[in-house]
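Inspection log for the structure reproduced underneath, given as C-alpha cells.
2 protein chains.
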Amino acid sequence: MRETETALRPPTAEKHEGHEGRQSVPEAPQAHEAYCAVERQLAILLRRSQAFSAGMGRKVHPELDPGAYGLLVRIDQSSPMRSSDLAAYLRVGRATISRQLKVLEELGLISRSPDPEDGRAHLLALTEEGHRRLHDARAARQGQLRTLLAAWPEEDVRQLAGMLERFNTLTEGMHP
Amino acid sequence: MRETETALRPPTAEKHEGHEGRQSVPEAPQAHEAYCAVERQLAILLRRSQAFSAGMGRKVHPELDPGAYGLLVRIDQSSPMRSSDLAAYLRVGRATISRQLKVLEELGLISRSPDPEDGRAHLLALTEEGHRRLHDARAARQGQLRTLLAAWPEEDVRQLAGMLERFNTLTEGMHP
DNA sequence: GATGATCGTTGCTTGGGGCAACCAAGTGGT
DNA sequence: ACCACTTGGTTGCCCCAAGCAACGATCATC
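In order, the protein sequence lines correspond to chains V and E. All the letters of the first sequence, read from the start, carry residue numbers 1 to 176 under UniProt numbering. All the letters of the second sequence, read from the start, carry residue numbers 1 to 176 under UniProt numbering.
As C-alpha cells, this is what we get:
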C-alpha cells in the first residue's frame with residue numbers, strides 16, 4: 001500500500017515497469033509513474049511554497065513584503081494594465097489585489113491613473129522608485145537562485161526554466 | 001530597462017546567445033538568461049501557489065483542507081515519524097504542525113501514539129481511514145494533473161518530475 | 001538532584017485571501 | 001431620455017496559515 005521506499009530515491013527517471021500498476025490502462029505503466037512523480041514533487045513544492053518565497057523575500061527587502069514582488073513583476077511586464085487583469089492573472093480576487101495595490105501606492109512604488117478610455121478603470125504603472133526596487137529585488141533573488149543552482153549545468157537550468165514556463169502557461173486556461 | 005517582450009514568449013529553450021548581455025560576466029550570457037527565466041517562472045508559480053493548490057484540493061475532498069494533504073503524504077512516506085521532523089521537512093514551525101495534526105486526529109485520519117523510546121515525542125501514523133482518504137485524494141489530484149498535462153509527451157512529463165525533484169532536494173539543505 | 005536542552009501544545013498576532021455589499025461608470029432596451 | 005443590467009474597484013467581515021513566545025513535560029548531563 002505504501003510506495004514509500006521508491007518515493008524519493010530516483011534522481012532520474014527509472015524504468016521499473018511491471019510494478020503494481022494494473023495493465024488495463026491504455027498508456028504505458030511508466031506514464032502513470034511519471035504523473036505520480038510530478039504530483040508528488042509538486043505537492044512538496046506547493047506545501048513549502050510560502051516558506052520558500054518568504055525566505056527569498058525576507059532576505060531581499062524587509063520592507064517589501066513577499067507577496068508584492070509578484071505584483072510588481074507583472075505590472076512591469078505589461079503596464080499599463082488594470083487591476084482586474086492582474087487579479088485574473090494571479091488567480092486571486094479583485095479584493096486582494098486592491099488591498100495590496102493600496103499598500104504599494106502608499107509606498108510610492110506604483111501609480112494608479114484613471115483610464116482615459118474607461119472611467120471606472122485605473123491604469124497601473126511602476127514609478128521610478130518602483131522600477132529601482134524591483135530591479136534590486138530581482139537581482140537579489142536571482143543571486144540566491146544562482147547560489148542555489150550553482151551545481152547545475154547550464155543546460156539543466158535552461159531546461160528547468162522551460163519546464164516551469166510550459167507548466168505555467170498550461171494553467172493559463174483554467175480560471176474558474 | 002524592461003525586458004518585457006522577450007519575457008513569456010519562448011515555449012522551449014531558445015539559443016538567442018549574442019543578445020543584450022554584457023560579456024563582462026565570467027559565465028556565458030545565456031546562463032544569465034536562464035537564471036533570469038527560472039526566477040521569473042518560479043515567481044509566477046509561487047505567487048499562484050495558493051490558488052493552485054486550493055484549486056486542486058477543493059475539487060478533491062471539500063472536507064480535507066488543502067494544507068492537510070501535504071502532511072498526509074509525508075506521514076505516509078515515512079511513518080512512524082515525529083511531528084518535529086514533519087515541521088522541519090515542510091519548513092514550518094512546530095506550532096503550525098501541531099494545530100494541523102490536531103485537526104487530522106479529530107478527523108480520524110492519523111493516530112498519535114506516545115513514543116516508547118522518548119516520553120516527550122509522539123509517533124505519527126496514518127489510520128486505515130487516513131490511508132483510504134489519502135489514496136482517493138492522490139488519485140483525484142493525479143487525474144487533474146493528467147488532464148492538465150494531457151498534451152505533453154510522456155518524456156517531458158518525466159523530465160518535469162525529475163526537475164522538480166532535483167529542485168526540491170536542492171532546497172533540502174537550507175533550513176534557517 | 002539541579003541545570004539545560006528538546007518535544008509538543010496553546011495564546012496572541014499578522015498577512016493573505018474569499019465572499020458579499022457597495023459605489024461609480026459604462027451599456028442596452030424600450 | 002430613462003431604467004435595468006453589467007463591469008471595475010473598494011471596503012467590511014471572516015477564515016486559515018504561519019510565526020513568536022510562553023509553558024509543561026520529559027530527557028540528558030554533570
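Glycine residues also receive a C-beta, built at the ideal position from the N, C-alpha and C atoms.
Same chain only: Cβ atoms within 6 Å of residue i, ignoring 5 sequence neighbours per side
i	result
R82 of chain V	A121
D115 of chain V	A121, L123
V157 of chain V	L149
Local conformation of residue i per DSSP, three classes
i	result
H122 of chain V	strand
P114 of chain V	strand
Member of the options whose CA lies at the smallest distance from the CA of residue i
i	options	result
F167 of chain E	V:I44, V:P116, V:E33, V:A34	V:I44
T171 of chain V	E:V38, E:S49, E:A37, E:E165	E:S49
G108 of chain E	E:A140, E:L86, E:Q142, E:L64	E:L64
L71 of chain V	V:R94, V:L164, V:G55	V:R94
A87 of chain E	E:S98, E:L149, E:R133	E:S98
F52 of chain E	V:V38, V:V92, V:C36	V:V92
E129 of chain V	V:E105, V:G162, V:L149	V:E105
T96 of chain E	V:R47, V:D85, V:R58, V:H135	V:R47
Q77 of chain V	E:Q41, E:Q77, E:G162	E:Q41
Any C-beta of chain E under 8 Å from that of residue i
i	result
M163 of chain V	yes
Q159 of chain V	yes
A34 of chain V	yes
A37 of chain V	yes
E154 of chain V	yes
Q41 of chain V	yes
S49 of chain V	yes
S53 of chain V	yes
R58 of chain V	no
L104 of chain V	no
L86 of chain V	no
L146 of chain V	The sequence given here has Arg at residue 146 of chain V, not Leu. Cβ-Cβ to chain E under 8 Å: yes for R146 of chain V.
G21 of chain V	In this predicted model, G21 of chain V has a pLDDT of only 40, less than 50, meaning its place in the structure is not dependable; the value taken from the coordinates is given anyway. No, no contact with chain E.
Own chain, CB closer than 7 Å to residue i, minus 5 neighbours either side, in chain order
i	result
R146 of chain E	none
G67 of chain V	Q100
M56 of chain V	R141, Q144
residue 179 of chain E	Since the first residue shown for chain E is 1 and the last is 176, residue 179 of chain E is missing from the structure and cannot be characterised.
A137 of chain V	V60, H61, L64, Y69
T169 of chain E	none
Neighbour flag for residue i against chain V, beta carbons, 8 Å
i	result
T171 of chain E	yes
G108 of chain E	no
A121 of chain E	no
I44 of chain E	yes
V92 of chain E	yes
S24 of chain E	Confidence in S24 of chain E is poor, its pLDDT being 45 and thus under 50, which makes the residue's placement unreliable; the coordinate value appears in the next sentence. False, the Cβ-Cβ gap to chain V never drops below 8 Å.
Q142 of chain E	yes
L101 of chain E	no
R112 of chain E	no
Neighbourhood of residue i by C-beta, 8 Å cutoff - its chain only, sequence neighbours within 5 removed
i	result
A125 of chain V	I75, S79, P80, I110, S111, S113
V103 of chain V	D65, A68
E155 of chain E	none
G162 of chain V	none
R58 of chain V	P66
H131 of chain V	D76
Note to self: Output needed in chain order: residues of the stretch 123-136 of chain E with a Cβ under 7 Å from some Cβ in chain V.
What the structure shows: Considering only beta carbons, the part of the stretch 123-136 of chain E lying closer than 7 Å to chain V consists of H131, in chain order.
Item checked: Residues of the stretch 62-82 of chain E with Cβ closer than 7 Å to any Cβ of chain V, in chain order -> Contact annotation: in the stretch 62-82 of chain E, residues whose CB is within less than 7 Å of a CB in chain V are Y69, G70, V73, D76, Q77, S78.
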